[in-house]
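Worksheet: the structure to be examined is printed underneath.
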Amino acid sequence: MSRIAVLIVAAGKGERSGRAKPKQFEVLQGKSMLTRSVAAFGGLPPQSTLIRVVIGPGQDALYAAALPDGAASITGGARRQDSVRLGLEALAAETPDFVLIHDAARPLVSRRVIANVVRALEAGASGAVPMLAVADTLRRQDGDGWTTLPRDNLYRAQTPQGFRFADILAAHRAHAARDVTDDVEIAALAGIKVEAVAGDETNLKVTTEKDFTLAEILLGGNTVTAMGFDAHRFSPGDHVWLCGVKIPHDHGLTGHSDADAGLHALTDAVLGCIGAGDIGQHFPPGDERWRGAPSWKFLDHAARLVAEKGGRILHCDVTLICERPKIGPHREAMRARIAGILGLGIGEVSVKATTTEGMGYTGRGEGLAAQAVATVRLSGDAI
Ligand code: MG
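For the sequence shown, the positions run 42 to 424 when the working numbering is used.
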């Protein structure tokens with residue numbers, strides 16, 4: 042059985058993605074892109090496969106967080122090709138037969154595409170690259186006009202790109218001074234013949250925010266909604282907490298915590314999306330730790346449980362039911378507060394209010410009630 046090294050290149054700074062972290066460490070449906078890229082090679086025989094990751098200088102903490110059980114990483118260089126060369130050098134002592142060089146920015150690579158590359162190498166190819174024919178019409182801008190280019194024989198190259206290990210290491214050493222875009226180009230400089238194998242449209246390179254969305258869609262999953270309801274009784278006092286905002290009032294609200302019925306209803310809605318019971322199970326009313334607790338802690342806890350399940354909260358909608366206090370003047374502050382707790386944009390948070398026309402316990406002013414709906418995108422792996 043041939044010995045295969047897999048070199049995952051994750052050293053980019055990811056400046057084009059507009060995200061806070063380098064994109065390879067960004068989470069895509071509950072797992073980082075790097076984690077997904079590494080896992081994609083899990084179909085290769087473990088006894089003869091060596092997987093190593095090249096990261097950028099200063100990215101050790103991000104790597105440890107993404108792959109706590111991963112092998113020691115290799116620190117890359119300024120250009121992608123420097124990172125690949127340093128990765129190959131670090132693998133040299135292991136003398137693998139083949140190496141598959143893969144960009145961590147392609148987390149959706151299928152086992153079929155990987156198998157296509159390995160099969161070509163094992164059949165005797167000195168290099169193999171997944172390629173796709175160009176389907177769109179190609180035009181080049183020439184001054185004011187456009188020239189349509191013949192697209193016959195034009196292909197898009199993907200990764201993993203596979204080579205005989207010793208050959209591609211020698212090629213990188215010999216041509217380190219050249220600027221190249223991928224390893225096939227280095228191979229060509231060294232006269233290594235590379236065979237094309239079938240790539241896959243779903244093996245997309247995640248670069249822009251739109252690519253993240255597309256990758257999420259390709260990963261599948263499900264959009265779920267759930268509701269929550271809560272009510273609290275008025276008591277003597279001079280303020281109430283509603284949706285995380287302190288509102289002066291001629292009464293308070295009775296409750297073990299801060300009695301924020303809006304956040305309690307929303308917490309139950311979020312928990313409902315993942316079937317995680319209700320707020321009372323997570324924060325029992327008899328537990329002294331939660332006496333007078335600010336209710337944002339409950340909502341934050343529910344949001345963390347969703348994230349641990351690989352879910353993402355997309356939207357929430359809270360309806361407060363009371364005659365008084367007036368909600369309108371505080372609505373925007375409430376939306377901003379909930380958005381802050383859940384990490385949503387304000388456009389993804391709705392707060393509404395209604396009365397019951399004087400009827401029932403809210404109409405008589407005995408208390409107030411709240412109901413909420415949360416919408417969560419659950420990842421394909423969580424279902
Ligand atoms: Mg409550």
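The C-beta atom is built at its ideal place from N, Cα and C for all residues, glycine as well.
If the five residues before and after A317 are omitted, its C-beta is found closer than 6 Å to the C-beta atoms of L346, all from its own chain and listed in chain order. Taking A107 as reference, the option from A133, V125, V79 with the minimal CA-CA separation is V79.
Taking H280 as the centre and dropping the five residues before and after it, the same chain places the C-beta of K287, I288, P289, H290, G293 closer than 8 Å to its C-beta, in chain order. Rounded to the nearest whole angstrom, the CA to CA distance from A267 to L419 is 13 Å. For M375, the uninterrupted alpha helix (DSSP H) segment begins and ends at 372 to 383. Assignment of Q412 by DSSP, reduced to helix, strand and coil, places it in the strand class. Taking each of L69, P63, I354 in turn and checking the Cα distance to G261, the smallest one comes out for L69. Residue pairing for P171: DSSP places it in a beta bridge opposite V238.
For the set P137, A237, T200, the Cα lying nearest the Cα of F206 is the one of P137. When R378, I233, S151, A52 are compared, the shortest CA-CA separation from A212 is found for I233. Spanning the alpha carbons of A310 and M400 requires a straight line of approximately 26 Å. The ligand MG approaches G296 closely enough that one of its heavy atoms is under 7 Å from the residue's Cβ. Excluding its 5 nearest sequence neighbours in each direction, R274 has C-beta neighbours in its own chain below 8 Å: L294, T295, E407, G408, listed in chain order. Fully contained in the stretch 310 to 380 are the following alpha helix (DSSP H) runs of length 4 or more, in chain order: 320 to 323, 337 to 349. The residue from P366, Y196, T200, E130 with its alpha-carbon nearest to that of S151 is T200.
The stretch 219 to 233 makes no contact with the stretch 146 to 161, as fewer than three CB pairs between them are under 8 Å.
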